[in-house]
Every structure is written in structure tokens, then in C-alpha cells.
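Protein chains in written order, with the working numbering: chain A, 1 to 221; chain B, 1 to 221.
Even for Gly, the Cβ is constructed at its ideal location relative to N, Cα and C.
Small disclaimer: the values here were computed from a predicted structure and weren't measured.
There are 2 protein chains.
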Amino acid sequence: MGQQEAGRTVTLNRERVLTGAIELADEIGVETLTIRRLADALGSKPMTLYSHVANKDDILDGMIDLVFAEIDPPPTDQPWRVALRQRCVSARQVLRRHPWAVPLMESRTVPGPHTLGHHDAVLGCLRSAGLPMAVVAHAYAIVDAFVYGFAVQEASLPGGGAGDEFDDVIGDMTAQLAVDAFPNLAAFTAEHVMQPGYDFGDSFEVGLDLVLDGIERLAGA
Amino acid sequence: MGQQEAGRTVTLNRERVLTGAIELADEIGVETLTIRRLADALGSKPMTLYSHVANKDDILDGMIDLVFAEIDPPPTDQPWRVALRQRCVSARQVLRRHPWAVPLMESRTVPGPHTLGHHDAVLGCLRSAGLPMAVVAHAYAIVDAFVYGFAVQEASLPGGGAGDEFDDVIGDMTAQLAVDAFPNLAAFTAEHVMQPGYDFGDSFEVGLDLVLDGIERLAGA
DNA sequence: ACTGCTTCCGTACTAAGTACGATGCCTGAT
DNA sequence: ATCAGGCATCGTACTTAGTACGGAAGCAGT
């Protein structure tokens with residue numbers, strides 16, 4: 001069993017298929033992730049994977065579940081705000097590693113065990129703080145909306161973060177028709193985005209704290 | 001020219017292809033949206049579409065751009081907070097009509113004219129309010145993160161909103177192993193989600209106002 | 001009616017998911 | 001040591017999807 005090269009070890013199993021799929025998706029994206037390419041990356045053959053997973057959807061579901069497994073749950077020995085903040089920062093890091101994850105979530109409606117466990121932990125964090133259920137519900141929905149939404153925006157940014165081609169794209173765009181047709185966009189780009197030191201990601205913690213402030217205020221009422 | 005049935009009118013053009021694609025995607029989702037099915041829906045043939053669009057990616061890009069065109073820009077005769085709120089509510093409605101839109105955005109990096117125009121209008125709303133550029137940047141990033149993220153979550157909810165199958169899914173899940181393994185999730189579901197009158201969507205305006213509060217506070221500093 | 005353009009579409013090639021059945025290695029019993 | 005059974009692996013092939021290519025069909029202007 002096993003294979004000749006590429007994949008390091010012996011027998012394939014579900015776990016190995018899924019982690020391989022995640023690594024491949026990180027490299028080439030989910031759109032271009034195919035069973036054949038995945039099999040190649042694992043040093044295996046397409047049909048072999050089907051002994052360990054039901055079908056491609058099963059792989060996709062499993063990938064999402066493993067992504068949730070990567071997110072640190074909120075620590076239980078901290079006040080809820082601190083704990084929730086930590087898990088959000090962790091979530092953001094994970095989603096940055098796997099930019100395909102949030103969009104994929106839209107189509108997967110059956111949550112896996114790690115996903116459920118993670119949600120359970122977050123709800124536990126909020127519930128044990130004594131917040132009323134209605135506030136817990138709002139808090140979770142709002143905080144995750146922000147985290148997921150920020151992740152989507154970061155994912156759709158050109159470039160991996162280097163900024164070179166990003167500047168090029170924006171530069172070209174600006175030079176063309178943008179200045180006349182889209183004056184605000186042009187000014188914003190020139191006066192802010194193109195300035196040294198600008199980093200879209202800086203808005204994350206600003207927004208997160210702002211959201212947590214709001215939740216806290218909600219809890220007070 | 002034209003065709004025998006289905007599609008209403010005569011000659012095909014880019015616009016008709018794109019709106020047809022959007023309608024089809026609303027019905028069957030983007031995943032299952034194929035050139036062949038789209039051609040069928042338009043009463044045409046696969047290859048015919050290629051005289052009006054470059055390829056499938058071009059269709060996808062065009063769909064996203066039309067979605068942005070559907071979102072009402074912030075009214076210019078209102079204070080920024082009111083104006084921004086209105087455009088966010090509009091955006092949320094549009095993204096609810098087109099649940100596939102946000103996930104699709106992740107993979108499209110070339111914005112179309114309507115997209116640029118919309119962004120320009122929102123930036124104009126914030127800039128004309130006299131907010132400093134840094135605040136404008138944070139505000140836009142944070143507000144849109146929330147709007148997009150909320151849309152993704154709503155899209156991944158089971159059921160279209162009827163709630164029947166939603167309850168079934170959750171009910172089954174709860175009944176199984178959930179109560180022991182995921183006590184917080186179980187309690188949350190039983191005590192809150194399953195209660196009559198619960199609507200996930202209610203968190204949107206709560207969150208939106210909370211975010212806008214935060215932005216306002218940011219602007220004050 | 002003829003030329004040429006625009007629009008359309010029939011055919012066919014390639015990539016991708018995956019059903020089916022065969023092959024070959026490993027284990028435990030003789 | 002040999003052999004039967006089982007399981008992981010894979011070769012083949014069918015189906016669906018994107019799309020290149022070249023031809024046909026309707027219309028304008030001469």
C-alpha cells in the first residue's frame with residue numbers, strides 16, 4: 001500500500017485525505033481543487049480516495065469541520081469579553097490561512113462535530129457570563145457576522161498581502177477612468193490606501209473592539 | 001433570431017444573459033448554474049451565449065456587478081449615519097435575494113463599473129461628512145464586514161426562511177447526541193431558537209445600529 | 001438577387017466526478 | 001510454507017460541464 005513519492009507515509013485515511021485537501025486548497029483554491037489533483041498531491045489515485053470519503057461534498061464538509069477545529073475556543077478562565085476576543089482573533093487568523101473557508105460555509109448546511117463543539121464552547125462562554133439568552137443570540141450572530149465578513153473581504157483583496165500587485169491593480173485602475181468617474185474612490189485610494197503603512201487588516205481589531213463594546217452595552221440594558 | 005419559448009423576447013444580449021443568470025442562480029444556486037442550463041432558461045443554446053459574454057467567469061463577474069447595481073446607494077440628502085444605515089438595509093435585502101452573491105465575491109477580484117460606482121457613493125457619503133480618512137477607511141471596512149458576514153450566515157441557514165425544515169434539522173440534531181455532547185447548543189436551541197417568534201434576521205438591525213454607534217464614537221475621537 | 005455582417009448553433013474535444021469491477025498485498029489458519 | 005479472505009488500491013469508462021471551431025440563417029445595402 002502507500003505510494004511511490006509525494007505523500008510521505010503509508011496508508012491513506014479520512015483524516016489524511018481531508019488535511020491534504022485543506023493544504024491543496026490553501027495553495028490553489030477550492031475552485032480548482034479536484035479529486036484528481038488531490039489524489040496526485042497525496043501520491044494516490046482518484047478512485048482510491050473514495051474508500052475514505054463518500055464523495056466530494058463529504059470532503060468539503062470535512063474540510064470546513066477541520067477549519068473549525070483549528071480555531072481556539074474561548075478560554076474558560078477569563079471574563080467573557082476577553083475570552084470572546086481571543087477566540088475572534090484566533091478565528092481571523094485561521095480564516096486568513098484558509099481564505100476559501102467562509103465562502104464554502106455558505107453551501108454546507110450539515111455541521112460536523114468540531115463545528116458543533118466550537119459553537120457550543122462560544123455559547124458556553126456567553127451563557128456562563130450570565131447574559132440573557134436574547135443577548136447571547138444577538139452577540140453571537142453579530143460578532144460572527146463581523147468576523148466572517150472581515151474574512152471574506154480580506155480574501156477578496158488582490159494579492160496575498162505582499163501588496164505589489166495590489167498597488168499595480170489599483171494604480172492602473174486609478175490612472176484610467178477612475179479619477180473622473182469615481183472621485184471618492186480615487187481620492188480614498190491616493191490619499192489613504194496608497195500611503196505607506198496602510199494595512200486593511202488593521203481595521204479588524206478596531207472593528208472587533210467596537211463590536212464588543214456594543215455587545216457589552218447590550219448586556220447592560 | 002430569438003427562440004421558440006421560455007425566454008420572452010427576441011435577440012439575446014449581454015444584459016439579458018446576465019439577468020437570466022441571476023434569476024437562475026436565485027432558483028438553483030451558483031454551484032449548479034451551468035452554461036447549458038442557463039441557455040435552456042433563456043430559450044437558447046450553450047454556444048450562443050458566447051457571442052455575448054467571454055466565458056463563464058465573465059458571466060460571474062457580470063452577475064456580481066449587477067448585484068451591486070441593485071443596492072441603493074446612500075441618499076445624499078441625509079446625515080451620514082442615516083444614509084449609511086439605509087444603504088446597509090438595502091444591501092442586506094439584496095444579498096438575501098441573492099444568497100450566492102457574497103461567497104462569489106471572494107473569487108472575483110476585478111470589480112465592474114456598478115461595483116466601483118457603489119463604492120464611490122458610499123465613500124462619498126462618509127467623506128462629505130467630514131470624517132478623517134482613517135475613520136472613513138475603518139468605517140467602511142467594518143460596516144461592510146458586518147453586512148457581508150451577516151449575509152453569509154443567513155445564506156447558510158437551512159431553509160429559505162419558512163422554518164419548517166429548519167426546526168426539523170435542529171430538532172433531530174438536538175434529539176440525538178447533542179444534549180449531552182453540546183449542552184450549551186442544546187439549551188440555546190431549546191430555550192431560544194425554538195421559541196415562537198425567534199428570527200435570526202432580527203439581529204441584523206441590532207448589530208447594524210451597534211456598529212454605527214461604534215463608528216460614530218470613532219468619529220468623535 | 002448578391003455580398004457581407006451579425007447572430008446563432010451543431011459538433012466535438014477536454015476536464016472533472018464517480019460507478020463498477022478487478023488487482024494485489026496482508027493476515028491468520030492450516 | 002501455503003492458501004483463503006478481506007481490504008486498500010486503482011484501471012476503465014460513463015456522465016456532465018466548459019468551450020473552440022466552423023458552418024448556417026436572417027438581414028442590410030448595393
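Helix, strand or coil, according to DSSP, for A/Arg36 in the structure here?
helix
List the residues of chain A whose Cβ lies closer than 8 Å to the Cβ of B/Val96, in chain order.
A small correction: the amino acid at residue 96 of chain B is Arg; Val does not occupy that position in the sequence shown. Per Cβ cutoff of 8 Å: no residues; B/Arg96 is ~13 Å from chain A at best.
Determine the contact status of A/Ala155 and B/Glu106, defining contact as a CB-CB distance below 8 Å.
yes
Nearest residue (CA-CA) to A/Met194, options B/His192, B/Met63 and B/Met133
By alpha-carbon distance to A/Met194, the top candidate from B/His192, B/Met63 and B/Met133 is B/Met133.
Helix, strand or coil, according to DSSP, for A/Thr19 in the structure here?
helix
With contact counted as at least three CB pairs below 8 Å, one residue from each stretch, are the segment 65 to 80 of chain B and the segment 32 to 47 of chain B in contact?
no
Do you know offhand how far A/Val17's Cα is from A/Ala25's?
12 Å
Could you pull out every residue in the same chain whose Cβ sits closer than 8 Å to the Cβ of B/Arg14, ignoring the five residues on either side in sequence?
His52, Val53 and Gly62
Using a Cβ-Cβ distance cut-off of 8 Å, determine whether B/Ala155 contacts chain A.
yes
If we call anything under 8 Å between Cβ atoms a contact, is A/Ala21 one with A/Ile59?
yes
Could you tell me the alpha carbon to alpha carbon distance between A/Asn184 and B/Phe182, rounded to whole angstroms?
49 Å
Whose CA, out of A/Pro158, A/Pro103, A/Arg81 and A/Arg92, lies closest to the CA of A/Leu130?
A small fix is needed here, since residue 130 of chain A is Gly in this sequence, not Leu. Cα-wise, what sits closest to A/Gly130 is A/Arg81.
Step through the CB atoms of chain A and report whether any lies within less than 8 Å of the CB of B/Glu31.
yes
Do the segment 134 to 146 of chain A and the segment 200 to 213 of chain A meet, that is, are 3 or more Cβ pairs less than 8 Å apart?
yes
List the endpoints of the continuous alpha helix (DSSP H) containing B/Lys56.
Here the alpha helix (DSSP H) through B/Lys56 covers Lys56 to Glu70.
Please tell me whether B/Ile64 and B/Ala91 are closer than 8 Å, where the distance is taken between their beta carbons.
no
For A/Ile215, which residues from the same chain have a beta carbon less than 6 Å from its beta carbon, with the 5 sequence-adjacent residues on both sides left out?
Here the set comprises Ala139.
Taking the straight line between their C-alpha atoms, what separation do you get for B/Tyr50 and B/Glu23?
Between B/Tyr50 and B/Glu23, the C-alpha separation is close to 19 Å.
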